[in-house]
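Our numbering numbers the first residue of the sequence shown as 798 and each following residue consecutively. Cβ coordinates follow ideal geometry from the N, Cα and C atoms, glycine included. Owing to the predicted nature of the structure, the values given are computational and were not obtained by experimental measurement. Quick notes on the structure that follows.
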Amino acid sequence: MFGTLRNYLDEEFIQNHPMIKITRGGEVKEYELFAVKVTDTDDEAYRLDFDDGEFEEFADAMGAPANTVEILTLSTCLGNEDDLRLLVQGAITK
798 MFGTLRNYLD EEFIQNHPMI KITRGGEVKE YELFAVKVTD TDDEAYRLDF DDGEFEEFAD
858 AMGAPANTVE ILTLSTCLGN EDDLRLLVQG AITK
């Protein structure tokens with residue numbers, strides 16, 4: 798579904814496309830790209846629920862910029878292995 802995310806494996810593509818724009822229900826959000834990595838399905842980046850104060854720790858662990866209030870994580874299969882994934886992450890900051 799997100800196969801074109803593979804473009805982010807190219808450094809030149811990243812430099813030319815540092816933002817990810819999502820439009821949903823008439824609302825537009827722009828996320829600053831901060832991470833591209835090949836990982837597996839057990840990666841901590843797939844976490845969805847946080848208690849008070851845990852999101853800040855999560856954002857730091859992911860390498861998000863300071864003052865991140867929201868993280869977008871996009872994922873697609875990579876290669877022939879069932880659990881290999883390409884993750885692209887962007888952040889909205891205060």
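**Prompt:** Helix, strand or coil for L845 per DSSP?
**Reply:** coil
**Request:** For the stretch 873 to 891 and the stretch 831 to 841, state whether three or more C-beta atom pairs, one from each stretch, are separated by less than 8 Å.
**Result:** yes
**Message:** If I measure Cβ to Cβ from F855 and keep anything under 7 Å in the same chain, skipping five residues before and after, which residues do I get?
**Reply:** R844, F847
**Request:** Measure the alpha-carbon distance for D880 versus V835 and round it to whole angstroms.
**Result:** 11 Å
**Request:** Assign T893 to buried or exposed, taking buried as 16 or more other Cβ atoms, counted over all protein chains shown, within 10 Å of its Cβ.
**Result:** This structure cannot settle anything about residue 893, because the visible part of the chain is limited to 798 through 891.
**Message:** By alpha-carbon positions, which one of T890, A832, G800, A888 ends up nearest to E808?
**Reply:** A832
**Message:** Just to confirm before moving on: does the CB-CB distance between A888 and Y805 stay below 8 Å?
**Reply:** no
**Prompt:** Distance, Cα to Cα, E851 vs A863?
**Reply:** 15 Å
**N-terminal and C-terminal residue of the alpha helix (DSSP H) that D857 is part of** = 851 to 859
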